[in-house]
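Heads up: the sequence shown begins at 25 in our numbering, then just goes up one per residue.
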Amino acid sequence: MGPVDDGRIKPDIVANGIGLYSSYSSADDAYTSSSGTSMSTPSAAGSIALLNQHFENVYGTGSKMKAATTKAIVIHTSDEAGTTTGPDYEFGWGLMNTESAAAKITEDQSTDVILEYYLVDGETYTRDIITTSTSPLKVTIVWTDIPGTPPSISLDPADAMLVNDLDLRITQASNTYYPWKLDRDNPSSAATQAGENNIDNVEVVDIASPANATTYTIVVDHDGTLSGGSQAFSMILSGDISNAVAPEAEFFASTFTPAVNTVVDFSDASANIPTSWSWSFNPSTVTFRNNTLSSSQNPEVEFDAAGTYEVTLLCSNSYGSDTEVKTSYITVGSSPTGYPEAYSTNEYAYISRVQFGTIDKSSTYTNIGGTDPDDKYYEDWTANSTDVIPGQSYNLILSCGSTNSGIDFGIWIDKNRDGDFSDDGEQLLCDIDGGGAGTYSILIPSDADIGSTRMRLRTLFYGTSCSSTGSTSNGEVEDYTLNIQAAPTSWSGASTDWNTSSNWTDGNVPTASYNVTIPTTPSGGNFPVIPFGTDAKCNSLTIESGATITVNGNLEIEN
Numbered sequence: 025m026g027p028v029d030d031g032r033i034k035p036d037i038v039a040n041g042i043g044l045y046s047s048y049s050s051a052d053d054a055y056t057s058s059s060g061t062s063m064s065t066p067s068a069a070g071s072i073a074l075l076n077q078h079f080e081n082v083y084g085t086g087s088k089m090k091a092a093t094t095k096a097i098v099i100h101t102s103d104e105a106g107t108t109t110g111p112d113y114e115f116g117w118g119l120m121n122t123e124s125a126a127a128k129i130t131e132d133q134s135t136d137v138i139l140e141y142y143l144v145d146g147e148t149y150t151r152d153i154i155t156t157s158t159s160p161l162k163v164t165i166v167w168t169d170i171p172g173t174p175p176s177i178s179l180d181p182a183d184a185m186l187v188n189d190l191d192l193r194i195t196q197a198s199n200t201y202y203p204w205k206l207d208r209d210n211p212s213s214a215a216t217q218a219g220e221n222n223i224d225n226v227e228v229v230d231i232a233s234p235a236n237a238t239t240y241t242i243v244v245d246h247d248g249t250l251s252g253g254s255q256a257f258s259m260i261l262s263g264d265i266s267n268a269v270a271p272e273a274e275f276f277a278s279t280f281t282p283a284v285n286t287v288v289d290f291s292d293a294s295a296n297i298p299t300s301w302s303w304s305f306n307p308s309t310v311t312f313r314n315n316t317l318s319s320s321q322n323p324e325v326e327f328d329a330a331g332t333y334e335v336t337l338l339c340s341n342s343y344g345s346d347t348e349v350k351t352s353y354i355t356v357g358s359s360p361t362g363y364p365e366a367y368s369t370n371e372y373a374y375i376s377r378v379q380f381g382t383i384d385k386s387s388t389y390t391n392i393g394g395t396d397p398d399d400k401y402y403e404d405w406t407a408n409s410t411d412v413i414p415g416q417s418y419n420l421i422l423s424c425g426s427t428n429s430g431i432d433f434g435i436w437i438d439k440n441r442d443g444d445f446s447d448d449g450e451q452l453l454c455d456i457d458g459g460g461a462g463t464y465s466i467l468i469p470s471d472a473d474i475g476s477t478r479m480r481l482r483t484l485f486y487g488t489s490c491s492s493t494g495s496t497s498n499g500e501v502e503d504y505t506l507n508i509q510a511a512p513t514s515w516s517g518a519s520t521d522w523n524t525s526s527n528w529t530d531g532n533v534p535t536a537s538y539n540v541t542i543p544t545t546p547s548g549g550n551f552p553v554i555p556f557g558t559d560a561k562c563n564s565l566t567i568e569s570g571a572t573i574t575v576n577g578n579l580e581i582e583n
């Protein structure tokens, strides 16, 4: 039962829990008729699992709905359960109707009625739809909001918990149709559609009797600033709308600030079911990855150079075409960003000097944040960089501001350049009670991705483990930049098998981190063969004059 303190519509949905016939615990083959939330809850959960299975059946193995999409479909297709039209604090948005929800998923194949989209801070989403009858028109949006900040303890505080406040409305000429909203101070009153809803992360607009053959515009914008720079939302439509219309081009990216050589997923969010797509980038220093092309609906794109990129999508169907151009849409930096925070609250055992390759950085320590408990001893030295090659070892010399055998030292490298240090093989050193200061041999992972990435160093006094994130009571954290360079290797050819390590000059089968050369005359006399059913990778491939390579399996060349 609702409402919650800020007036949000709760519950979201209700399901049948009266007299349900189901399995019973008294025996393996026992059944009984029961009532209550112990029946309605698994009914709803099982139905949602079936809906996701139906979605995968319709769109192919591996296709998944977002949580917000699933919630939006269930709410949108529910049956009215209250005494008045619209939501209420007793039944929420209504009684779950799994059959109607499944039918909506099926309908999306022929009429574009399910949309997953990202709203970027400062932007407005619009979509024009043309009615073909006077049947009711209904639009629902749902988004997974980030956690709000609870107010201080008081009696029924009305502080809104909504952080990213999206707003849905439908316009037609001078008419504006707003979403449903309830009044927490008058919980028994019927829902209204008189203005914006600034409380819920579910918004539904109903138009009972739209005009026939008329264009209505769906608008989604936001109040304030979007935390995180964007907000994903899902939209569901119902009503008789024309499918004989040209597409409305739209798209979004998985990130707007990737590093060089990082793959970004682009998702088509165009309305009205386009059948062909053409993507272009300015500047054109990009590479399409994982068997996607400029004509793919949802390409995976690697940016080969730092800078700001304009992205263009042209999509078409049998009724026409549309183009969406987003200027300054992707900003590519030389190395990843967004790393989790790590720091100490006391400078004891701080890092005073780091020598590693061409890096030679001396420092004291930095206290950021003021008095305890917010003191933060951390140094961002990412402006200092050195070149390294995967599979090779380098000496790192550490000096500390204190001398104590209980000082611990940890080293991490973001080898896959994904903005964290949590992947296997990214912790290169965890030296407990080693005294901190000293010379350490560091082996760069042989599978490290090419490009600039981050190295994190951390000292800690009196610990039992190493962690690349969070706070410790003594020590310091420093971050540096490593430029991962491709390792050179040449084919020697004692036999023909590409995947035999002794056939390579450095004794390693190449990965995506290697620049490979096939010489005119291999020392072993054989040219390489990639066998059937075998996958091979390299960063670049040079075939000298007269040399050959036979690819029976697959060869992926990064550049």
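Cβ coordinates follow ideal geometry from the N, Cα and C atoms, glycine included.
| query | result |
| --- | --- |
| Look at the alpha carbon of N440 and the alpha carbon of A329, and state the distance between them as a whole number of angstroms. | 17 Å |
| Return the chain-ordered list of same chain residues with a C-beta closer than 8 Å to the C-beta of N341, the five sequence neighbours on each side being excluded. | A270, P271, N296, I297, P298, T299, S300 |
| Below 8 Å on the Cβ atoms is my guess for T135 versus N236; work out the distance and round it to an integer in Å. | Not quite, the Cβ-Cβ distance comes to about 17 Å (not below 8 Å), so this is no contact. |
| Taking all protein chains shown into account, decide if L122 is buried (16 or more other Cβ within 10 angstroms of its Cβ) or exposed. | Just to set this straight, residue 122 is Thr in the shown sequence, not Leu. That one is buried. |
| Can you give me the start and stop residues for the beta strand (DSSP E) that E104 sits inside? | From DSSP, E104 is part of no beta strand (DSSP E); its letter is neither H nor E. |
| Taking Y504 as part of the alpha helix (DSSP H), name the residues at either end of that continuous run. | Unbroken run through Y504 is the beta strand (DSSP E), 499 to 508; no alpha helix (DSSP H). |
| For G116, collect the residues of the same chain with a Cβ closer than 7 Å to its Cβ; drop the 5 residues on either side in sequence, then sort them by chain order. | I33, K34, P35, D36, I37, V38 |
| Which whole-angstrom value describes the C-beta separation of M185 and Y113, a residue pair presumed to lie in contact below a C-beta threshold of 8 Å? | That belief does not hold up - the Cβ atoms of M185 and Y113 are roughly 16 Å apart, past 8 Å. |
| Using beta-carbon positions only, say whether T493 and P364 come within less than 8 Å of one another. | yes |
| Drop a sphere of 10 angstroms on the beta-carbon of P171, count the other beta-carbons inside from all chains shown, and report buried for 16 or more, exposed for fewer. | exposed |
| Leaving out five residues on either side along the sequence, give the residues of the same chain with a beta carbon under 7 Å from the beta carbon of Y367. | K400, Y401, Y402, S495, V501 |
| If you count every other CB in all the chains shown that lies within 10 Å of the CB of G394, and 16 or more means buried, which is it? | Since pLDDT at G394 reaches only 45, below the 50 mark, its modelled position is unreliable, and the value read off the structure follows with that caveat. That one is exposed. |
| Return the bridge partner residues of N341 from the DSSP annotation. | G344 |
| Please tell me whether L584 and M259 are closer than 8 Å, where the distance is taken between their beta carbons. | As displayed, the chain neither begins before 25 nor continues past 583, which places residue 584 out of reach and without an answer. |
| At what residues does the alpha helix (DSSP H) containing Q77 begin and finish? | 61 to 83 |
| Could you give the first and the last residue of the continuous beta strand (DSSP E) run that contains I435? | 431 to 437 |
| Excluding the 5 residues preceding and the 5 following T239 in the sequence, name in chain order all residues of the same chain whose CB lies nearer than 6 Å to its CB. | D152, I154 |
| Please report the straight-line C-alpha distance between G517 and P414, rounded to a whole angstrom. | 22 Å |
| Which residues in the same chain have their Cβ closer than 6 Å to the Cβ of G459, if we skip the five residues on either side of it in sequence? | S429, I431 |
| Compare the beta carbon distance of G462 and F485 with 8 Å and say whether it is the shorter of the two. | no |
| Thinking C-beta only, is D245 closer than 8 Å to S157? | no |
| Per DSSP, what kind of secondary structure is T566 in: helix, strand or coil? | strand |
| According to DSSP, is E220 part of a helix, a strand, or is it coil? | coil |
| Counting Cβ pairs, one atom from each stretch, are 3 or more of them under 8 Å apart for the segment 504 to 512 and the segment 461 to 478? | yes |
| Taking DSSP's pairing of strands, which residues face P512 in a bridge? | N539 |
| Determine the direct distance from the alpha carbon of P552 to that of G577, and round the result to whole angstroms. | 12 Å |
| Counting along the chain, where does the beta strand (DSSP E) carrying S46 start and finish? | 44 to 47 |
| Quick one: give me the first and last residue of the beta strand (DSSP E) that S376 is part of. | 375 to 380 |
| Using only CA atoms, which one of D521, T369, T545, C424 lies nearest to P555? | D521 |
| For S302, would you say it is in contact with chain B, using Cβ-to-Cβ distances shorter than 8 Å as the test? | In the structure shown, chain B cannot be found, because there is only a single protein chain. |
| Would you say the segment 163 to 177 touches the segment 220 to 236, given that touching needs at least three Cβ pairs under 8 Å? | yes |
| Whole angstroms is fine: what's the gap from F276's alpha carbon to S423's? | 46 Å |
| Give me the Cα-Cα distance between S233 and S159, rounded to the nearest whole angstrom. | 6 Å |
| How big is the Cα-Cα spacing for I542 and S308? | 29 Å |
| Tell me the rounded alpha-carbon separation between R208 and G357. | 47 Å |
| Suppose only complete runs of 3+ residues qualify. What are the beta strand (DSSP E) ranges in the segment 451 to 488, listed by chain order? | 451 to 455, 462 to 467, 475 to 485 |
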